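What follows is a set of notes on a single structure, which appears directly below.
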Amino acid sequence: MKTKNIREITVRELVEEVDINRSTFYLHYNDIYDMLNKIEQQLIDELMLVTIKHKKEYYNEKIQLYFKEVFTILLENMDLCYILMGPNGDINFTNNLKELINENITKTTVEVLNGIQSIADIEYACSFYIGGCLGIIEKWLKGNAKESPTELAQLCYKLIYKGLESYLPKDVI
């Protein structure tokens with residue numbers, strides 16, 4: 199299943215892979231797309247709850263708790279996330295994930311920094327950070343999630359709040 203485009207998987211292939219019968223599948227879903235949408239929505243909803251829960255922590259070291267929870271959820275659903283975000287995945291899922299994070303983080307960032315930075319600059323910065331975090335998630339999933347959620351939370355925090363400068367020797371800067 200990981201090697202086939204997610205939109206090309208048939209109900210027959212799926213039920214054989216997970217060892218259920220077709221009638222059980224159709225009891226819960228209309229078709230493969232209905233199943234895909236419901237599974238994606240469950241994962242997005244779970245990530246949304248974490249995003250809302252940590253809303254006030256986007257601007258201090260506690261953001262690591264947010265990242266850790268996100269990476270823990272992704273780790274618990276690693277096979278699914280790889281299928282959804284991998285090379286044969288569903289771009290709609292990645293776009294929905296990006297939209298979820300962008301909507302919440304950008305809105306909160308604008309509330310905090312409005313008047314200090316231009317809204318356009320804030321939106322570009324948030325887009326940059328979110329793209330970087332999604333890149334880290336994709337690389338992590340491709341590498342079979344070798345690093346722990348805590349390690350990746352620390353990495354995201356360090357890159358967002360300290361930037362690449364924290365990796366460079368002082369004489370290079």
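199 is the number of the first residue of the sequence shown in my numbering; add one for each residue after it.
For each residue, glycine too, the CB sits at the ideal point set by N, CA and C.
Owing to the predicted nature of the structure, the values given are computational and were not obtained by experimental measurement.
DSSP-derived helix/strand/coil call for residue i
i, result
"Asn302", "helix"
"Asn312", "strand"
"Glu345", "coil"
"Ile289", "helix"
"His226", "helix"
"Thr307", "helix"
"Glu215", "helix"
"Asn143", "In the structure as shown, the chain begins at 199 and stops at 371. Residue 143 is therefore absent and cannot be evaluated."
Beta carbon of residue i nearer than 9 Å to that of residue j
i, j, result
"Lys296", "Leu332", "yes"
"Met233", "Asn302", "no"
"Asn294", "Cys324", "no"
"Ile335", "Phe269", "yes"
"Ala351", "Lys266", "yes"
"Tyr340", "Tyr280", "The sequence shown places Lys at residue 340, not Tyr. Yes, Cβ-Cβ distance for Lys340 and Tyr280 is below 9 Å."
"Leu298", "Ile242", "yes"
Rounded C-alpha distance that separates residue i from residue j
i, j, result
"Glu206", "Asn228", "16 Å"
"Tyr231", "Val308", "36 Å"
"Glu274", "Gln239", "16 Å"
"Phe223", "Leu311", "49 Å"
"Met276", "Ser346", "12 Å"
"Ile320", "Phe326", "10 Å"
"Lys254", "Gln262", "12 Å"
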